[in-house]
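Protein chains in written order, with the working numbering: chain A, 1 to 200; chain B, 1 to 200. Built from N, CA and C at the ideal position, the CB exists for glycine as well.
Number of protein chains: 2
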Amino acid sequence: MSADPADRIEELTGLLSRLPGLGPRSARRVVLYLIRRRGTLMAQIARSMEQVARDTRECRQCGNVSMDELCAICANPARANGQICVVEDLADLWAVERGRAFRGRYHVLGGTLSALDAVGPEDLGIPRLLDRIGPESVSEVILALNATVEGQTTAHYIADALHDSGVTVTGLAQGVPIGGELDYLDDGTISAALNARKRV
Amino acid sequence: MSADPADRIEELTGLLSRLPGLGPRSARRVVLYLIRRRGTLMAQIARSMEQVARDTRECRQCGNVSMDELCAICANPARANGQICVVEDLADLWAVERGRAFRGRYHVLGGTLSALDAVGPEDLGIPRLLDRIGPESVSEVILALNATVEGQTTAHYIADALHDSGVTVTGLAQGVPIGGELDYLDDGTISAALNARKRV
Chain A
1 MSADPADRIE ELTGLLSRLP GLGPRSARRV VLYLIRRRGT LMAQIARSME
51 QVARDTRECR QCGNVSMDEL CAICANPARA NGQICVVEDL ADLWAVERGR
101 AFRGRYHVLG GTLSALDAVG PEDLGIPRLL DRIGPESVSE VILALNATVE
151 GQTTAHYIAD ALHDSGVTVT GLAQGVPIGG ELDYLDDGTI SAALNARKRV
Chain B
1 MSADPADRIE ELTGLLSRLP GLGPRSARRV VLYLIRRRGT LMAQIARSME
51 QVARDTRECR QCGNVSMDEL CAICANPARA NGQICVVEDL ADLWAVERGR
101 AFRGRYHVLG GTLSALDAVG PEDLGIPRLL DRIGPESVSE VILALNATVE
151 GQTTAHYIAD ALHDSGVTVT GLAQGVPIGG ELDYLDDGTI SAALNARKRV
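Here it is as structure tokens:
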């Protein structure tokens, strides 16, 4: 046990510097901070990370994180309201959940269609989505995909695939964000908001 | 084992958001990134952190991190050259080591004297430093303390305490940093560099 602790600390710094938003310098700062709190915060983080890494899996049905075969949302009968919200990844699912406006279920694609990266419909679980329509009596599929070219291409593909299934396919409204100032918005958003204007 | 994984993930996000440089949003981004790599990077970080938290202690002699009673530097007879470099904390020790110019031993204070925070000489291990002078045949104590008011107050106190011990007490030179542009330097640094000018 007389290995140089500097090696271990160096190893930990190297691992942490691979995280988004951290570089070699900020990783070193984090490690120093943790070493000063090694009995408390550091041990807690290590334990928590180990648990999450060990117990987290993907929901067989929707692709959300879960600790069982089915995630908490898919296992909750109150969320079976005939709506499925299609999102690109987990971060988007969390974003929609934070909004508290949606009470149905999700379908996490895990990416967008991309010919360049050879990502096809099967990689995104789109056949799995189509298979859910009947058994879950889905009446509406909400495409909550990013307003990027890739997101919109994927949305078009899914809308096409659902065309003959009889479900309503909707997309998020585009317009001025709450609290947004017109002066700072791009032209495309203003045009979209104008075209979709509503009687007040 | 059917606890909502969201709780565990929330807990991990909360812990990570306490790290320097990370807020709630960047912690969430890190957690998402880790969940996607839960079998590889996340498990590695958890293991590495757990080892460092478990095995790291403070060197009995100098206060450096160590896995034994004595740190690698104190245990290395080649570093017993009669010089002790006094630094404020571990980060400063690492900074001096990266410079590769110093081949003696260290003394980590763990802070600076502060009447406001009730940090006295005993809290900084200054008596322990004085006790090292004789047994380690120390001939020079280099005060590598930060050029702040607190750092310089502490340096003065240590220099006073060592006054009758017969060791040479030195401090880091002040001047223009390597690669520094005069135009961007503060007036104090330029005055210090002028006053300490050397024949070339």
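task: Leaving aside the five residues before and after residue 65/A along the sequence, list all residues of the same chain whose C-beta is less than 8 angstroms from its C-beta, in chain order.
output: For the purposes of this step, residue 65/A is identified with residue 65 of the first sequence, where counting begins at 1. 56, 57, 58, 59, 71, 90.
query: By Cβ distance, which residues of its chain are closer than 8 angstroms to residue 151/A, with the 5 residues on each side in sequence left out?
result: Counted from its first residue, the first sequence places residue 151/A at position 151. Around residue 151/A: 88, 112, 145.
message: Between residue 33/B and residue 24/A, how many whole angstroms is the CB-CB distance? I'm expecting something under 8 angstroms.
response: The count along the second sequence starts at 1 and reaches residue 33/B at position 33. The count along the first sequence starts at 1 and reaches residue 24/A at position 24. Not quite, the Cβ-Cβ distance comes to about 17 angstroms (not below 8 angstroms), so this is no contact.
Terminal residues of the beta strand (DSSP E) in which residue 168/A lies: On the first sequence, position 168 is the one that residue 168/A refers to. First-last of the beta strand (DSSP E) with residue 168/A: 168-171.
- request: Identify whether residue 191/A lies in helix, strand or coil by the three-state DSSP scheme.
  value: On the first sequence, residue 191/A is found 191 positions in, with the first residue counted as 1. Three-state result, residue 191/A: helix.
message: Just to confirm the assignment, what range does the alpha helix (DSSP H) spanning residue 126/B have?
response: Residue 126/B sits at position 126 when you count from the first residue of the second sequence. It spans 126-133 - the alpha helix (DSSP H) in which residue 126/B sits, taken as one unbroken run.
Separation of residue 77/A from residue 199/A, as counted between CA atoms: Position 199 of the first sequence holds residue 199/A. Position 77 of the first sequence holds residue 77/A. Going by the C-alpha atoms only, they are around 37 angstroms apart.
Chain B contact for residue 30/A (CB, 8 angstroms cutoff): Here residue 30/A refers to the residue found at position 30 when the first sequence is read from its first residue. Answer yes: the Cβ-Cβ gap between residue 30/A and chain B drops below 8 angstroms somewhere.
message: What are the residues in the region 10-22 of chain A lying within 8 angstroms of chain B by C-beta distance?
response: 11, 12, 15, 16, 18, 19, 20, 21, 22
Where residue 40/A sits in the DSSP three-state scheme: As a working mapping, residue 40/A is identified with position 40 in the first sequence. Residue 40/A falls in the helix class under three-state DSSP.
Proximity below 8 angstroms, CB of residue 63/A to CB of residue 125/A: To locate residue 63/A, count along the first sequence from 1; it is residue 63. To locate residue 125/A, count along the first sequence from 1; it is residue 125. Yes, they are a contact pair.
- prompt: In whole angstroms, what is the alpha-carbon distance linking residue 185/A and residue 158/A?
  reply: Position 185 of the first sequence, counted from the first residue, corresponds to residue 185/A. Position 158 of the first sequence, counted from the first residue, corresponds to residue 158/A. If you take the alpha carbons of residue 185/A and residue 158/A, they lie about 29 angstroms apart.
task: Could you tell me which chain D residues have their CB closer than 9 angstroms to the CB of residue 90/B, listed as they occur along the chain?
output: Absent from the structure is chain D; the protein chains it does hold are A and B.
message: Mapping the DSSP letters down to three states, classify residue 140/B as helix, strand or coil.
response: Along the second sequence, read from residue 1 onward, the residue named residue 140/B stands at position 140. Here residue 140/B sits in strand by DSSP.
message: Going by DSSP, what residue range makes up the beta strand (DSSP E) through residue 85/A?
response: Within the first sequence, residue 85/A is the residue found at index 85, counting from 1. Unbroken beta strand (DSSP E) run through residue 85/A: 83-87.
message: Taking 6 angstroms as the limit between beta carbons, can you name the residues of its chain near residue 107/B, skipping five residues before and five after?
response: In the second sequence, the residue the question calls residue 107/B occupies position 107. Only 62, 84, 86, 129 meet the Cβ criterion.
task: Could you confirm whether any beta carbon from chain A is found closer than 8 angstroms to the beta carbon of residue 8/B?
output: Against the second sequence, residue 8/B aligns to sequence position 8. Yes, residue 8/B lies at the interface with chain A (some Cβ there is under 8 angstroms from its Cβ).
query: So is residue 83/B in contact with chain A if we call contact Cβ pairs under 8 angstroms?
result: Reading the second sequence from its first residue, position 83 is the one you call residue 83/B. Not closer than 8 angstroms to any Cβ of chain A, the Cβ of residue 83/B fails to qualify, so no.
field: Nonlocal neighbours in the same chain, by C-beta distance under 6 angstroms from residue 2/A, ignoring five residues either side
entry: Within the first sequence, numbered from 1, the residue matching residue 2/A stands at position 2. Per-residue confidence for residue 2/A stands at a pLDDT of 45, beneath the threshold of 50, marking its modelled position as unreliable; the derived number appears in the next sentence. There are no such residues.
query: Can you tell which of 18/B, 17/B, 31/B has the C-alpha that lies nearest to the C-alpha of residue 9/B?
result: Walking along the second sequence from the start, residue 9/B turns up at place 9. Cα-wise, what sits closest to residue 9/B is 31/B.
- request: Check residue 119/B in the structure and name its three-state DSSP category.
  value: For this step, residue 119/B is matched to residue 119 along the second sequence. Here residue 119/B sits in strand by DSSP.
- request: Taking only the alpha-carbon atoms, compute the straight-line gap between residue 173/B and residue 181/B and give it to the nearest angstrom.
  value: Along the second sequence, one-based indexing puts residue 173/B at 173. Along the second sequence, one-based indexing puts residue 181/B at 181. Straight-line Cα distance between these residues: approximately 18 angstroms.
field: Under 8 angstroms between C-beta atoms of residue 49/A and residue 12/B
entry: Translated into the one-based positions of the first sequence, residue 49/A becomes position 49. Translated into the one-based positions of the second sequence, residue 12/B becomes position 12. Contact: yes.
query: Between which two residues does the alpha helix (DSSP H) harbouring residue 156/B extend?
result: Position 156 of the second sequence, counted from the first residue, corresponds to residue 156/B. Taken as a continuous stretch (DSSP letters only), the alpha helix (DSSP H) holding residue 156/B covers 149-161.
message: Looking at chain A, is there any beta carbon in it that lies within less than 8 angstroms of the beta carbon of residue 41/B?
response: If you number the second sequence from 1, residue 41/B lands on position 41. Taking Cβ atoms only, chain A reaches closer than 8 angstroms to residue 41/B, which makes this a yes.
message: Against chain A, does residue 133/B count as a neighbour if the rule is that its beta carbon must be under 8 angstroms from one of theirs?
response: Here residue 133/B is taken as the residue at index 133 of the second sequence, counted from 1. No, because no Cβ of chain A sits closer than 8 angstroms to the Cβ of residue 133/B.
query: Who does residue 199/B pair with in a DSSP beta bridge?
result: Residue numbering aside, residue 199/B sits at position 199 when the second sequence is read from its first letter. According to DSSP, which records beta bridges pairwise, residue 199/B is partnered with nothing at all.
query: By the criterion of Cβ-Cβ separation under 8 angstroms, what are the contact partners of residue 44/B in chain A?
result: For this step, residue 44/B is matched to residue 44 along the second sequence. Neighbours of residue 44/B on chain A, chain order: 15.
task: Examine the ligand ZN and report whether any of its heavy atoms sits within less than 7 angstroms of the Cβ of residue 118/A.
output: Because no ligand of any kind appears in the structure shown, any question about the ligand ZN cannot be addressed here.
query: In whole angstroms, what is the alpha-carbon distance linking residue 143/A and residue 154/A?
result: For the purposes of this step, residue 143/A is identified with residue 143 of the first sequence, where counting begins at 1. For the purposes of this step, residue 154/A is identified with residue 154 of the first sequence, where counting begins at 1. Computed Cα separation, rounded: 9 angstroms.
- request: Keeping to the same chain, check which residues put their C-beta closer than 8 angstroms to that of residue 165/B; ignore five residues upstream and five downstream.
  value: Start at 1 with the first residue of the second sequence, and residue 165/B comes out as number 165. Counting only Cβ-Cβ distances below 8 angstroms, and skipping sequence neighbours, we find 130, 133.
message: If we require 3 or more residues per run, which beta strand (DSSP E) segments fall completely within the region 58-108 of chain B?
response: 83-87, 105-108
task: Return the chain-ordered list of same chain residues with a C-beta closer than 8 angstroms to the C-beta of residue 120/B, the five sequence neighbours on each side being excluded.
output: What you label residue 120/B is simply residue 120 of the second sequence in a count that begins at 1. The residues are 113.
- request: Per DSSP, which residues does residue 114/B bridge with? Please list them.
  value: The residue labelled residue 114/B in the question sits at position 114 within the second sequence. The partner list for residue 114/B (beta bridge, DSSP) reads 119/B.
- prompt: Got a sec: which bits of the region 100-131 of chain A sit with their beta carbon under 8 angstroms from any beta carbon on chain B, in order along the chain?
  reply: none
field: Amino acids of chain A, ordered along the chain, whose beta-carbon sits closer than 8 angstroms to that of residue 50/B
entry: One-based indexing of the second sequence puts residue 50/B at position 50. Chain A residues near residue 50/B: 43, 46, 47, 50.
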